[in-house]
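Colleague: Numbering (the numbering used here), first residue to last: 0 to 227.
1) DSSP three-state label for residue 205, please.
2) Between the alpha carbons of residue 161 and residue 171, how many angstroms are there, rounded?
3) So, is residue 274 buried or exposed, given that buried needs 16 or more other C-beta atoms within 10 angstroms?
4) Please state whether the Cβ-Cβ distance between residue 95 and residue 135 is less than 7 Å.
5) Ignore the nearest five residues each way along the sequence and tell me which others in residue 29's own chain have a CB closer than 7 Å to its CB.
6) If I'm right that residue 78 touches residue 55 with Cβ under 8 Å, what's the distance once you round it to whole angstroms?
7) Taking residue 132 as part of the beta strand (DSSP E), name the residues at either end of that continuous run.
8) Taking the alpha-carbon positions, what's the residue 139 to residue 132 distance?
9) At what residue ranges does the region 86 to 164 contain a whole run of the alpha helix (DSSP H), taking only runs of 4 or more?
10) Less than 8 Å between the CB atoms is what I'm expecting for residue 199 and residue 149, so what's the real figure, rounded?
11) With a threshold of 7 Å on Cβ separation, who are the neighbours of residue 126 within its own chain once the five nearest residues in sequence on each side are excluded?
12) For residue 196, which beta-bridge partners are listed by DSSP?
13) Could you tell me if residue 152 is buried or exposed, where buried requires 16 or more neighbouring beta carbons within 10 angstroms of its beta carbon?
14) Is the separation between the beta-carbon of residue 124 and that of residue 201 shorter than 7 Å?
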């Protein structure tokens, strides 16, 4: 039988069809869609900011102890800096977080850094600041304390003289706090309006006086020089 001319149409029922292929753009898009997703690396965090004096400055948003998120720098003293922080484990809970300036490189230095914490823990009185948690960050001791709303006594006195009855109430409560400290052999050594905080707490219309900054407190028998 003679071979059929290639241009001659095939008899009905014997037509041949080429396999359908999607447009190149569709194939390319499909290949892209099935490619494995590559997880991006987390953005590197900025290194801790250490000043020329060796003090570590915590950035807003940084997390301490895996739990406390720094919100604001409040103040700095001779021994450490105080920040306001949010507790991630307890909803709507804020703490005052103190970070000591000096790192503790040896066991003896770590024990010395814990000194203020141990003095605070040895006194149980509502007018003596209490600690809630502690740990180490970049070799420096930090500890969390209650975050009080209110203002220090020196700020109150900036507004004018205080009535004698109000001053007497504050004086009596501070005296009771000092008596509680002395009962366990702890002396504050820095009693001044800046270290007396009038906390806004229910049941204390004039504010509950709270003694702050036990960084230079001493135990009985120690004889510090140049302290108030």
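Just so you know, even glycine gets a beta-carbon here, dropped at the ideal spot from N, CA and C.
Modeller: A quick look at the data gives this:
1) Taking the first residue of the chain shown as 1, we reach residue 205 at position 206. It is coil, neither helix nor strand.
2) Start at 1 with the first residue of the chain shown, and residue 161 comes out as number 162. Start at 1 with the first residue of the chain shown, and residue 171 comes out as number 172. Each residue's Cα considered, the two are about 15 Å apart.
3) The question about residue 274 has no answer here: the residues shown for the chain are numbered 0 through 227.
4) The sequence position of residue 95 within the chain shown is 96, counting from 1. The sequence position of residue 135 within the chain shown is 136, counting from 1. Taking 7 Å as the Cβ cut-off, residue 95 and residue 135 do not qualify as a contacting pair.
5) The sequence position of residue 29 within the chain shown is 30, counting from 1. Residue placement at residue 29 is flagged as unreliable, the pLDDT there being 39, under the threshold of 50; the coordinate-derived value follows with that caveat. Closer than 7 Å at Cβ, skipping near neighbours: no residue.
6) Taking the chain shown and counting its residues from 1, the one referred to as residue 78 is at position 79. Taking the chain shown and counting its residues from 1, the one referred to as residue 55 is at position 56. That pair is no contact at about 13 Å.
7) Locating residue 132 in the chain shown gives position 133, where the first residue counts as 1. In the DSSP assignment, residue 132 falls within the unbroken beta strand (DSSP E) covering 132 to 136.
8) On the chain shown, residue 139 is found 140 positions in, with the first residue counted as 1. On the chain shown, residue 132 is found 133 positions in, with the first residue counted as 1. Cα-Cα distance, rounded: 14 Å.
9) Counting whole runs of 4 or more residues, the region 86 to 164 contains the alpha helix (DSSP H) stretches 106 to 112, 114 to 120 and 152 to 157.
10) Residue numbering aside, residue 199 sits at position 200 when the chain shown is read from its first letter. Residue numbering aside, residue 149 sits at position 150 when the chain shown is read from its first letter. Taking 8 Å as the upper bound for CB-CB distance, residue 199 and residue 149 are in contact here, some 5 Å apart.
11) Here residue 126 corresponds to residue number 127 of the chain shown, with the count starting at 1. These residues qualify, in order along the chain: 172, 173, 175, 176, 207, 208, 209 and 210.
12) Start at 1 with the first residue of the chain shown, and residue 196 comes out as number 197. Looking at the DSSP assignment, residue 196 forms a beta bridge with 151 and 209.
13) Counting from 1 along the chain shown, the entry for residue 152 is found at position 153. Label assigned to residue 152: buried.
14) As a working mapping, residue 124 is identified with position 125 in the chain shown. As a working mapping, residue 201 is identified with position 202 in the chain shown. Not a contact, by the Cβ cut-off of 7 Å.
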